[in-house]
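Undergrad:
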Amino acid sequence: MLHKSLAAVVLGAAAVITAQNAGPGSSSGSSSMLYVSSYSGKITALALDKGAAKAGGGGGGGGASFLALDAKRNILFSCDEGFQSAEGNGTLFALQVEQNGSLRELGKQKTQAGPVFMGFFGANNDTMAIPHFGGKAVSVWNVADPSKMAEVQRENFELEKPGPKPAQTEAKPHQAAVDPTRKFVVAPDLGADMLRLFAIAPSAGDNNSNGQTGAAPQAQGGGGNQLLKPLQPVPVKPGSGPRHAAFAVAGPKTYMYVVTELSSEIMGFDVAYSGAGGMELKPLFTMKVHGKNESNTPEFAAASEIAVSPDNQFLLVASRNESTLRVPNFDGAAANSNAADVVSDSLSNYRIDPATGSLGEVQIRVPSGGRFPRQFSMSGDGALVAVANQLDGRVVVMERNPQTGMLGGFVGQALLDGNVTSVVFRE
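With mature numbering (1 follows the signal peptide of the UniProt record, and there is no 0) as the guide, the letters of the sequence shown map in order to residues -19 to -1, 1 to 408.
#1: With DSSP as the reference, please indicate the residues paired to I181 in a beta bridge.
#2: Going residue by residue through the stretch 103 to 132, where are the continuous alpha helix (DSSP H) segments of at least 4 residues, counting only ones entirely within it?
#3: Using 8 Å as the threshold, is the C-beta distance between S285 and R224 below it?
#4: Shortest alpha-carbon distance to T305 belongs to which of F295, I287, I345?
#5: Quick check: the Cα distance between S120 and A320, rounded to an integer number of angstroms?
#6: Can you tell me which residues form a DSSP beta bridge with F138?
#7: Could you give the DSSP three-state label for E280: helix, strand or coil?
#8: To the nearest angstrom, how far is it from the Cα of M130 to the Cα of T337?
#9: Do the CB positions of G390 and R381 come within less than 8 Å of each other?
#10: Would K273 be called buried (16 or more neighbouring beta carbons within 10 Å of its own) or exposed?
#11: In whole angstroms, give me the CA-to-CA distance for D61 and V78.
#12: Verify whether the separation of the beta carbon atoms of L262 and V252 is less than 8 Å.
#13: Is the Cβ-Cβ distance between S18 and F47 less than 8 Å?
#14: State the DSSP-derived secondary structure class of E286, mapped to helix, strand or coil.
#15: I'd like to confirm something about F266: is its beta-carbon nearer than 7 Å to some heavy atom of the ligand FMN, or not?
#16: Do you know how far the Cα of Q90 is from the Cα of G100?
#17: If you drop the 5 nearest sequence neighbours on each side, which residues of the same chain put their C-beta closer than 7 Å to that of P214?
#18: Grab me the residues of G249's own chain with a C-beta within less than 6 Å of its C-beta, minus the 5 sequence neighbours each way, in chain order.
#19: Just verifying my parser: in three-state terms, what is the DSSP assignment at L275?
#20: Who are M248's beta bridge partners in DSSP?
#21: Threshold first: 3 residues or longer. Then list the beta strand (DSSP E) segments lying entirely within the stretch 374 to 403, N to C.
#22: By the DSSP assignment, the beta strand (DSSP E) with G71 in it spans what residues?
#23: Any idea what DSSP makes of residue 409, helix, strand or coil?
#24: Determine the extent of the beta strand (DSSP E) in which D51 is found, giving its start and end residues.
#25: What is the residue span of the beta strand (DSSP E) that V217 lies within?
#26: In this structure, how does DSSP classify Y254 when only helix, strand and coil are distinguished?
#27: Could you compute how far the alpha carbon of residue 463 sits from the alpha carbon of S325?
#28: Can F102 and R163 be called in contact, C-beta distance under 8 Å?
#29: Can you tell me the Cα-Cα spacing of G399 and G374, whole angstroms?
#30: Going by C-alpha distance, which of F64, D362, A288 is nearest H113?
#31: Pick out whichever of F295, F98, G350 has its Cα sitting closest to the Cα of D322.
#32: Checking the sheet assignment: what are the DSSP bridge partners for P96?
#33: Could you tell me which residues DSSP puts in a beta bridge with D61?
#34: Determine the direct distance from the alpha carbon of F281 to that of A288, and round the result to whole angstroms.
#35: Taking 8 Å as the threshold (C-beta atoms), are A157 and F138 in contact?
#36: Just the Cα atoms here: how many angstroms apart are L372 and R352?
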């Protein structure tokens, strides 16, 4: 059934992704769009339109690892890990999203090595926290003026001793997740087996007349007028390697879910806030990414991404390095019966219990449409999921029922240059 459905959708002029050049002059009309980063050095704009897929793209750094869209200002930020930098630095780019979907560079600045995520905070999204997976730090940036972006704080981390896994020889923060109150930041540190917590200063996002934030630069961390105040970190299971976190709000309750890369688990926490300006994480459970039956999660799996649906009722998680599933070839299943199936990793899908924060299985091991689903994004209405399958260079779009949370078939796909690393909706 999956083979027939997929072939009919992809080859039958239904909604597929059409790649548009992300440089000046490209046009997408009024379509919803996706932007995709890649280690090829391109940022590609994909229109959710009827048509045939063809590749194209603009520049975005040779190690572009993540995209973040400030929808209010129509500015797309990209971070380059710096693989090709002779100096070993990363780079932060700010790109204006034009009305036709094309991108125009507004500014770029060198960063600490290895930026892999960007989290907005402040009243106008004019401040940004960046974890540096390859630079053992979390930096804070003033991005109020994209042409004059400036680092205003940096917190550097060192391990007292290496962790139990080979990948844990140094601190490796991989995300800076802003909580629902927008008063705290959580940075999962894969190398330290730790959730690093920060309180956002009340003045964050307040800018003076010269466009600079009120915080003095803290190149070595600590002291001064900090926009992020370090709190007591929360240790997690040794060797688990926490990677990303996602929050869910259920009435008066707030839950946080962490996906671990090295143990491929989901950790659930109850989030409590104190009147003294603190945030407490109370452990609720730890489970394998593919549910209660631990045999569903291979020992060699490497979980990657986690997200809560827009209605806060469902949770979706991705896992890499499995290669245990197959989907019909996107490019020739109907025309050539000998076309090889596409090897695929998987997503798993859960319903959040609002009273307890526990997860109920909805779908386990749904094909992601390719290998190494590094990152995925949901549309604002929860009706679509776009997945960046890194090793295939393939972006797929899947249907999703917002009421039931069920993932459906593939409604679009595009094969791009290089290893794709992230995908975001522009709606």
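Don't be surprised by glycine CBs; every beta carbon is placed ideally from N, CA and C.
TA: Reading from the atomic positions:
#1: Along the sequence shown, one-based indexing puts residue 181 at 200. In DSSP, I181 forms a bridge with L209.
#2: Within the stretch 103 to 132, no complete alpha helix (DSSP H) run reaches 4 residues.
#3: Position 304 of the sequence shown, counting from 1, holds the residue named residue 285. Position 243 of the sequence shown, counting from 1, holds the residue named residue 224. The Cβ atoms of S285 and R224 lie closer than 8 Å to each other.
#4: Taking the sequence shown and counting its residues from 1, the one referred to as residue 305 is at position 324. Comparing C-alpha distances from T305 to each of F295, I287, I345 shows the shortest one belongs to I345.
#5: Start at 1 with the first residue of the sequence shown, and residue 120 comes out as number 139. Start at 1 with the first residue of the sequence shown, and residue 320 comes out as number 339. Taking the straight line joining both Cα atoms gives about 47 Å.
#6: Against the sequence shown, residue 138 aligns to sequence position 157. Answer is none; F138 lacks a bridge partner.
#7: What you label residue 280 is simply residue 299 of the sequence shown in a count that begins at 1. If DSSP states are grouped into helix, strand and coil, E280 belongs with coil.
#8: The residue labelled residue 130 in the question sits at position 149 within the sequence shown. The residue labelled residue 337 in the question sits at position 356 within the sequence shown. Those two C-alpha atoms are separated by around 42 Å.
#9: To locate residue 390, count along the sequence shown from 1; it is residue 409. To locate residue 381, count along the sequence shown from 1; it is residue 400. At the C-beta level, G390 and R381 stay beyond 8 Å of one another.
#10: The residue labelled residue 273 in the question sits at position 292 within the sequence shown. Counting other Cβ atoms within 10 Å of its Cβ, K273 stays below 16 and is therefore classed as exposed.
#11: Locating residue 61 in the sequence shown gives position 80, where the first residue counts as 1. Locating residue 78 in the sequence shown gives position 97, where the first residue counts as 1. The alpha-carbon atoms of D61 and V78 are separated by roughly 18 Å.
#12: The residue you call residue 262 lines up with position 281 of the sequence shown. The residue you call residue 252 lines up with position 271 of the sequence shown. Going by C-beta atoms, L262 is nearer than 8 Å to V252.
#13: Along the sequence shown, one-based indexing puts residue 18 at 37. Along the sequence shown, one-based indexing puts residue 47 at 66. In contact: S18 and F47 (Cβ atoms closer than 8 Å).
#14: If you number the sequence shown from 1, residue 286 lands on position 305. Reduced to three states, the DSSP call for E286 is strand.
#15: By its list of ligands, the structure shown contains no ligand whatsoever, and the ligand FMN lies outside what it can speak to.
#16: Here residue 100 is taken as the residue at index 119 of the sequence shown, counted from 1. Here residue 90 is taken as the residue at index 109 of the sequence shown, counted from 1. A direct Cα-Cα distance of roughly 17 Å separates G100 from Q90.
#17: For this step, residue 214 is matched to residue 233 along the sequence shown. Excluding the 5 residues flanking it on each side, P214 has same chain C-beta neighbours closer than 7 Å at M175, L176, R177, L178, in chain order.
#18: What you label residue 249 is simply residue 268 of the sequence shown in a count that begins at 1. Here G249 has Y238, L265, F266, G338 as same chain residues with Cβ atoms under 6 Å from its own Cβ, once five neighbours each way along the sequence are excluded.
#19: Here residue 275 refers to the residue found at position 294 of the sequence shown. The amino acid occupying residue 275 in the given sequence is Glu; Leu does not appear at that position. In the three-state DSSP reduction, E275 falls in the helix class (H, G or I).
#20: Along the sequence shown, one-based indexing puts residue 248 at 267. Residue pairing of M248 in beta bridges, as defined by DSSP: V239, T267.
#21: Along the length of the stretch 374 to 403, whole beta strand (DSSP E) runs at least 3 residues long occupy 375 to 381, 388 to 396, reported in chain order.
#22: As a first step, residue 71 is located in the sequence shown; it is residue number 90 there, counting from the start. Per DSSP, G71 belongs to the beta strand (DSSP E) from 71 to 78.
#23: Only positions -19 to 408 of the chain appear in this structure, which leaves residue 409 out of reach.
#24: Looking up residue 51 in the sequence shown gives position 70. Annotation: the continuous beta strand (DSSP E) that includes D51 extends over 45 to 51.
#25: One-based indexing of the sequence shown puts residue 217 at position 236. It is not in any beta strand (DSSP E) - V217 carries neither H nor E in the DSSP assignment.
#26: By 1-based counting over the sequence shown, the position of residue 254 is 273. Looking at Y254 - three-state DSSP - the assignment turns out to be strand.
#27: The structure shown does not extend to residue 463, since the chain spans only -19 to 408, so no value can be given for it.
#28: Mapped onto the sequence shown, residue 102 falls at position 121. Mapped onto the sequence shown, residue 163 falls at position 182. The criterion of a C-beta distance shorter than 8 Å is satisfied by F102 and R163.
#29: For the purposes of this step, residue 399 is taken as residue 418 along the sequence shown, with counting starting at 1. For the purposes of this step, residue 374 is taken as residue 393 along the sequence shown, with counting starting at 1. G399 and G374 have their C-alpha atoms spaced approximately 6 Å apart.
#30: The residue labelled residue 113 in the question sits at position 132 within the sequence shown. That would be F64, whose Cα lies nearest to the Cα of H113.
#31: One-based indexing of the sequence shown puts residue 322 at position 341. When only C-alpha atoms are compared, the closest one is G350.
#32: Residue mapping note: residue 96 aligns to position 115 of the sequence shown, counting from 1. DSSP lists H113 as the bridge partner or partners of P96.
#33: Locating residue 61 in the sequence shown gives position 80, counting from the first residue. In DSSP, D61 forms a bridge with A45, T72.
#34: Stepping through the sequence shown from its first residue, residue 288 is reached at position 307. Stepping through the sequence shown from its first residue, residue 281 is reached at position 300. Answer to the nearest angstrom: the Cα atoms are 22 Å apart.
#35: One-based indexing of the sequence shown puts residue 138 at position 157. One-based indexing of the sequence shown puts residue 157 at position 176. For F138 and A157, no; Cβs fall outside 8 Å.
#36: Start at 1 with the first residue of the sequence shown, and residue 372 comes out as number 391. Start at 1 with the first residue of the sequence shown, and residue 352 comes out as number 371. Cα-Cα distance, rounded: 6 Å.
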